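*Asks:* Residue 0 is where the sequence shown starts when you use numbering that gives the first Met the number 0, and the numbers rise one by one after that.
The structure under discussion is supplied below as structure tokens; questions concerning it will follow.
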Amino acid sequence: MEIELKLAINPDHHDRFRRHPLLRRISHQQRTLHSVYFDTPGFDLFRRRIALRLRRVEERWIQTLKAETRSVGALTSRPEWEMVVDGNQPDFTVLPVEALELLAGIEHHRVVPVFTTEFQRITWLVGNDDAQVEVALDTGKIIAGESNRTISEVEIELKSGAAEFLFETAQRLLRHVPLQIEPRSKAERGYLLCGAMTASPVKFNRPAFEKNPLAGAVWHATMQAALVHLTANVPGFLEQPHHAEYLHQVRVAVRRLLTAIAVGKPFRKTVSGFNQPLRQLMITSNPARDWDVFQHEILPMTLTTLKTPDGDSGVDEIVLDRLYHAAAHARQRAQAVLSKPAFTQLILGLGRNLLSLPADDQQRQAKSWAQAVLDARWQRLLERGQNFAKLSDAGRHETRIAAKKLRYAIDIFAPVYPPKHTDRFISTLSALQDELGTTNDRVIARQLLQKLPKRTASISFALGQISGVLQCQAKQTARISHAIWEELLASKLFWRQI
């Protein structure tokens, strides 16, 4: 079983990394590695989450088969089989039975090269009396046909001892060299390059549980899944900031972590210190998300509303440029936050603290914990939504926040209940959250417009036009959300039914 941390490093920092105080007194090894990755023309291995690689090391070819990756934040572990083979083609006869079972049904003769990696690797062995890791600096390229992609990363692989030492080593390296989270393997990036997959935002993968799980196990699995969700979307946002869904998924993951910390009072001792950094991350990314929603969702609809019969919205291109520039600037600020060592430190700290299950001395069942949490959040929603039809914009915003907090808490506990008990309530609550969110988005959009400099009368007039349309749309949405609120009040509370 291979257990490692993978971190990206800017090529400008390679020399700085090699001179790191942790490494400069340790002898190192340097070698050039050429690897060929194999698959069928239909990428059957990839679809099974299997990587088959032949790597040339001096005069030998080493074959490696890696099975599905399991990750917690930046930490990756996967079953791996490695052996020396004759020649530069895969040899399936040397694989053990458990590896061959993963390849059942795949015609071996159809397995061909699909991409290669060529990189220089410098390695250091770092350790103490209890543990040892290999630190590797990899620099080179992934090549698929005429396309290529740069490799510039640090891998820290556990050789012996506890996995905590991986995180300790990474955190020490981070004190002197900026490093970023990189959850994608070279194989995954190679498959992206050769067209086997398309980069896209990653949604939350809800954990599955056995019947009547303990509360501590549910909390721990939720935290791990949320951390994986977060790290999986960060590279996409840094590389494709105009794809608004990446930032949205980053923020959803952070909310899940915050919710789990908030409701997990019996278990959160080791992670309570991460609450404030996570909240600060939400605050600093708020402007980027607000502008994304405005640019991609609200503005197109508003311009359509303003169109005259001849197809002209009446909004000057100069005004639109100012709006697009403000949105881009907000995204750049959010990117800067996720690129800083402080964010990497946050992820490493969370990952390290989630290596083991929390103590659950009371052996409390998840359902009893769920009822207490969901009852409290339901009552909070009822309080915020009193006299719903007469709520102000601020009141609707507070109700939306209460609905969102209930929804995220339900997401933690939903796997504990049969879907037939949860689906209808979740659907109605989600509809309310969406409608209140739509109203709030327009309120926020008007606030964004008010903050923009109005240097000419024409700019001021255009922004006023857009603001007026938003105000009318918000009122229309408010009537729809009131009907959904009444439906929610009549819903059965699934956590009280069992």
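Don't be surprised by glycine CBs; every beta carbon is placed ideally from N, CA and C.
Computed from a predicted structure; not experimentally measured.
#1: If you draw a straight line from the alpha carbon of T304 to that of I317, how long is it in whole angstroms?
#2: If you compare alpha carbons, which of E296, V93, L322, K491 is closest to G436?
#3: What is the rounded straight-line gap between the Cα of N285 and the Cα of F236?
#4: Contact defined as beta carbons within less than 8 Å: I believe L44 pairs with I105. What is the distance between those atoms, to the nearest angstrom?
#5: My output table needs one value for Q385: the three-state DSSP class, helix, strand or coil.
#6: How would you call K491, buried or exposed, if buried means at least 16 neighbouring beta carbons within 10 angstroms?
#7: DSSP beta-bridge partners for D137?
#8: Quick one: measure Cβ to Cβ for A216 and L356, integer angstroms, because I've assumed they're closer than 8 Å.
#9: At 3 residues or longer, what runs of the beta strand (DSSP E) sit wholly inside the region 42-109?
#10: Between W511 and A252, is the Cβ-Cβ spacing less than 8 Å?
#11: Taking S459 and K450 to be in contact with their CB atoms under 8 Å, please state how far apart those CB atoms are, rounded to whole angstroms.
#12: For L22, which three-state DSSP category applies?
#13: Please report the straight-line C-alpha distance between V270 and W80, rounded to a whole angstrom.
#14: Per DSSP, which one or two residues make a beta bridge with P112?
#15: Specify the secondary structure class of V270 as computed by DSSP and reduced to three states.
#16: On the criterion of 16 or more Cβ atoms from any shown chain inside 10 Å, does T31 qualify as buried, or is it exposed?
#17: For K5, list the residues DSSP reports as bridge partners.
#18: With DSSP collapsed to three states, give me the class of G235.
#19: Helix or strand or just coil, what does DSSP make of V176?
#20: If I follow the unbroken alpha helix (DSSP H) through L354, where does it start and stop?
#21: With distances taken Cα to Cα, identify the nearest neighbour of F208 among A198, A220, P200, K202.
#22: What's the C-alpha gap between N405 and E382?
#23: In chain order, what residues of the same chain have a beta carbon less than 6 Å from the beta carbon of A243, not counting five sequence neighbours either side?
#24: With 16 other CB atoms within 10 Å as the buried threshold, where does P240 fall?
#25: Would you mind sorting N439 into buried or exposed? The rule is 16 or more other CB atoms within 10 Å of its CB.
#26: Buried or exposed: where does M196 fall if 16 or more other Cβ atoms within 10 Å of its Cβ makes it buried?
#27: Let me know the secondary structure DSSP gives Q28 once reduced to three states.
#28: From the DSSP output, in three-state form, read off V201 for me.
#29: Could you check how far apart the C-beta atoms of R255 and F203 are, in whole angstroms? I think they sit under 8 Å.
#30: Is L488 buried or exposed, if buried means 16 or more other CB atoms sit within 10 Å of its CB?
#31: Helix, strand or coil: which one does DSSP assign to G194?
#32: Which residues in the same chain have their Cβ closer than 6 Å to the Cβ of V35, if we skip the five residues on either side of it in sequence?
#33: Could you check which residue in L64, H19, K264 has the C-alpha nearest to that of R48?
#34: For G463, name the three-state secondary structure that DSSP assigns.
*Replies:* On the basis of the supplied data:
#1: The count along the sequence shown starts at 1 and reaches residue 304 at position 305. The count along the sequence shown starts at 1 and reaches residue 317 at position 318. Going by the C-alpha atoms only, they are around 19 Å apart.
#2: By 1-based counting over the sequence shown, the position of residue 436 is 437. Nearest C-alpha to G436: E296.
#3: The residue given as residue 285 occupies position 286 in the sequence shown. The residue given as residue 236 occupies position 237 in the sequence shown. So the two alpha carbons sit approximately 15 Å from each other.
#4: By one-based count along the sequence shown, residue 44 stands at place 45. By one-based count along the sequence shown, residue 105 stands at place 106. Right, their Cβ atoms sit about 7 Å apart.
#5: The count along the sequence shown starts at 1 and reaches residue 385 at position 386. Looking at Q385 - three-state DSSP - the assignment turns out to be coil, as it is neither helix nor strand.
#6: For the purposes of this step, residue 491 is taken as the residue at position 492 of the sequence shown. By the neighbour-count rule (16 or more Cβ atoms within 10 Å), K491 is not buried but exposed.
#7: Translated into the one-based positions of the sequence shown, residue 137 becomes position 138. Paired residue(s): R120, E152.
#8: Here residue 216 refers to the residue found at position 217 of the sequence shown. Here residue 356 refers to the residue found at position 357 of the sequence shown. Confirmed, Cβ separation roughly 7 Å.
#9: 50-56, 59-65, 69-71, 74-77, 79-84
#10: A question about residue 511 goes unanswered here, because the residues of the chain that appear run from 0 up to 497.
#11: The sequence position of residue 459 within the sequence shown is 460, counting from 1. The sequence position of residue 450 within the sequence shown is 451, counting from 1. Actually they do not touch by this definition, with Cβ atoms about 13 Å apart.
#12: Sequence index remark: in the sequence shown, residue 22 carries index 23 (1-based). L22 falls in the coil class under three-state DSSP.
#13: As a working mapping, residue 270 is identified with position 271 in the sequence shown. As a working mapping, residue 80 is identified with position 81 in the sequence shown. Their backbone Cα atoms lie some 35 Å apart in a straight line.
#14: Here residue 112 refers to the residue found at position 113 of the sequence shown. F37.
#15: Residue mapping note: residue 270 aligns to position 271 of the sequence shown, counting from 1. In the structure shown, V270 sits in coil (DSSP, three-state: anything other than H, G, I, E or B).
#16: Taking the first residue of the sequence shown as 1, we reach residue 31 at position 32. Exposed: under 16 other Cβ atoms inside 10 Å.
#17: Your numbering for residue 5 matches position 6 in the sequence shown. Paired residues: E154.
#18: Translated into positions along the sequence shown, residue 235 becomes position 236. Correct three-state label for G235: helix.
#19: Taking the first residue of the sequence shown as position 1, residue 176 is located at position 177. Coil at V176, not helix or strand.
#20: In the sequence shown, the residue the question calls residue 354 occupies position 355. Premise fails: L354 is in no alpha helix (DSSP H) and is neither H nor E.
#21: The residue given as residue 208 occupies position 209 in the sequence shown. Comparing Cα-Cα distances from F208 to each of A198, A220, P200, K202, the minimum goes to A220.
#22: As a working note, residue 405 is residue 406 in the sequence shown. As a working note, residue 382 is residue 383 in the sequence shown. A small correction: the amino acid at residue 405 is Leu; Asn does not occupy that position in the sequence shown. Each residue's Cα considered, the two are about 13 Å apart.
#23: Numbered from its first residue, the sequence shown carries residue 243 at position 244. The answer, listed in chain order, is D291, H295.
#24: To locate residue 240, count along the sequence shown from 1; it is residue 241. Counting Cβ neighbours within 10 Å, P240 comes out buried, since at least 16 surround it.
#25: Residue mapping note: residue 439 aligns to position 440 of the sequence shown, counting from 1. By the 10 Å Cβ count, N439 comes out buried.
#26: In the sequence shown, counting from the first residue as 1, residue 196 sits at position 197. So M196 ends up on the exposed side.
#27: Indexing the sequence shown from 1 puts residue 28 at position 29. Reduced to three states, the DSSP call for Q28 is strand.
#28: For the purposes of this step, residue 201 is taken as the residue at position 202 of the sequence shown. Of the three classes helix, strand and coil, the one that applies to V201 here is coil, per DSSP.
#29: Residue numbering aside, residue 255 sits at position 256 when the sequence shown is read from its first letter. Residue numbering aside, residue 203 sits at position 204 when the sequence shown is read from its first letter. Confirmed, about 7 Å.
#30: Here the question's residue 488 lines up with position 489 in the sequence shown. Exposed, by the Cβ-count rule.
#31: Taking the first residue of the sequence shown as 1, we reach residue 194 at position 195. G194 falls in the coil class under three-state DSSP.
#32: Position 36 of the sequence shown, counting from 1, holds the residue named residue 35. Contacts found: L53, P112, T115.
#33: On the sequence shown, position 49 is the one that residue 48 refers to. When only C-alpha atoms are compared, the closest one is L64.
#34: As a working note, residue 463 is residue 464 in the sequence shown. Helix, per DSSP.
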